[in-house]
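Student: Residue 220, in numbering that gives the first Met the number 0, is where the sequence shown stops; the numbers in between run on with no holes. Note that the Cβ used here is the ideal one computed from N, Cα and C, for glycine as well.
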Amino acid sequence: MKKLMCLLLVVTLGLSSMLCAEETEGKANKESERKVQKLIDDGLADNQAEITAAAALLSAAQKDALIKENSKGTWPVVLNIFVGYGVGSWVEGDKVGGLVGSIGDGVTELGAIISYSAGYIASFQVASRAASTSDSSVTYEDIIRPGLIGYAIGTAFAVLNVGVYIFQIVRGATYPGNYNKLLETTVRGDGNKEISFDFTPSIQFDKDNNAQLALACQMKF
0 MKKLMCLLLV
10 VTLGLSSMLC
20 AEETEGKANK
30 ESERKVQKLI
40 DDGLADNQAE
50 ITAAAALLSA
60 AQKDALIKEN
70 SKGTWPVVLN
80 IFVGYGVGSW
90 VEGDKVGGLV
100 GSIGDGVTEL
110 GAIISYSAGY
120 IASFQVASRA
130 ASTSDSSVTY
140 EDIIRPGLIG
150 YAIGTAFAVL
160 NVGVYIFQIV
170 RGATYPGNYN
180 KLLETTVRGD
190 GNKEISFDFT
200 PSIQFDKDNN
210 AQLALACQMK
220 F
């Protein structure tokens, strides 16, 4: 009877220890998951090492859930196409693309408007003076010439604006894929690395000239 009681006591204590260990491990995993999520929110590229270290404590299912939750879609590129000013990049969380789009569109469009306006005003003033003095010797070339510099600068700004527009489309389309790839690599850590073993047999001779067979193992990762 005493042996049975002792056995039951040992089993009960063992089960209790296992349950406590599982509960502690579950809490630790949840804490690690929250830490990884916060690091991702603070900046994936800036916290790669910390994210990989914290994610090492997570299960494969938890890693998959984090990757799925934080992956980015490509739909915001539509905003870059039809709205511009880096709006789509800001929605994607791409600060570089957002700044280039916002500043690039703003500067080039404003520069084009000001330059074309200055060229038009310069040509208009020549035409107005010719009309007020009834000077018939003033030709079309004379009217256009003062505004050529403004028109040329305005055209340069317009070309730059097209370049900024193309950049926004390309950046908006490629950024999500690059981000998602970095996210998966960072969260999974060494899980994505392939480990291989290379076994190489060799024959060695000792000082008595006795042959010995050796097997060298090299691990690649």
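(1) Give me the Cβ distance between G87 and L78, rounded to the nearest whole Å; I'm assuming they're in contact under 8 Å.
(2) Looking at C-alpha atoms only, which residue of R144, D134, V137 is the closest neighbour of S122?
(3) Quick one: what's got a C-beta closer than 7 Å to S70's C-beta in the same chain, skipping five residues either side?
(4) Would the beta-carbon of T107 fall within 9 Å of that of A52?
(5) Considering Cα atoms alone, identify which of L65, W89, I152, D41 is closest to G110.
(6) For the candidate residues G176, A44, Y150, whose alpha-carbon lies nearest to that of Y115?
(7) I need the straight-line Cα distance from A130 to I112, nearest angstrom please.
(8) Using a Cβ-Cβ cutoff of less than 7 Å, which residues in the same chain neighbour T73 once the five nearest sequence positions on both sides are dropped?
(9) Which residue marks the beginning of the alpha helix (DSSP H) containing S127, and which one marks its end?
(10) Which residues in the same chain have their Cβ closer than 8 Å to the Cβ of L38, if we skip the five residues on either side of it in sequence?
(11) Rounding to the nearest angstrom, what Cα-Cα distance links N191 and A55 in this structure?
(12) So, for Q36: in the same chain, excluding its five sequence neighbours on each side, which residues have a beta-carbon less than 7 Å away from its beta-carbon?
(13) Am I right that Q167 and G105 are in contact with their C-beta atoms under 8 Å? What's the rounded C-beta distance?
(14) Give the C-beta separation of V163 and G96 to the nearest angstrom, bearing in mind that I take them to be a contact with Cβ-Cβ under 8 Å.
(15) Would you mind working out which of G188, G118, A126, S31 sits nearest T154, comparing C-alpha positions?
(16) Alpha carbon to alpha carbon, what distance is there between I165 and L159?
(17) Have a look at E30, G42, V76, E68 and flag the residue whose alpha-carbon is nearest the alpha-carbon of R170.
(18) S135 to A126, Cα distance in whole Å?
Tutor: So, from the data block:
(1) Between L78 and G87 the Cβ distance is about 3 Å, and since that is below 8 Å, they are a contact.
(2) For the set R144, D134, V137, the Cα lying nearest the Cα of S122 is the one of R144.
(3) Counting only Cβ-Cβ distances below 7 Å, and skipping sequence neighbours, we find N179, L182.
(4) Taking 9 Å as the Cβ cut-off, T107 and A52 do not qualify as a contacting pair.
(5) Per the Cα distances, I152.
(6) For Y115, the nearest C-alpha among the options comes from Y150.
(7) Cα to Cα, the separation comes out at about 26 Å.
(8) Once the five neighbours on either side are set aside, the close Cβ partners of T73 are A172, P175.
(9) For S127, the enclosing alpha helix (DSSP H) stretches over residues 94-131.
(10) By the criterion of a C-beta distance shorter than 8 Å, L38 is surrounded in its chain by N46, E49, I50, A53, once the five residues flanking it on both sides are discounted.
(11) Its pLDDT being 45, under 50, N191 is placed unreliably in this model, and the coordinates cannot settle the point.
(12) Contacts found: L65.
(13) About 13 Å; that fails the 8 Å criterion.
(14) Between G96 and V163 the Cβ distance is about 11 Å, and since that is not below 8 Å, they are no contact.
(15) When each option's Cα is compared against that of T154, the closest is G118.
(16) Cα to Cα, the separation comes out at about 10 Å.
(17) The option with the nearest alpha carbon to R170 is V76.
(18) Cα to Cα, S135 sits roughly 11 Å from A126.
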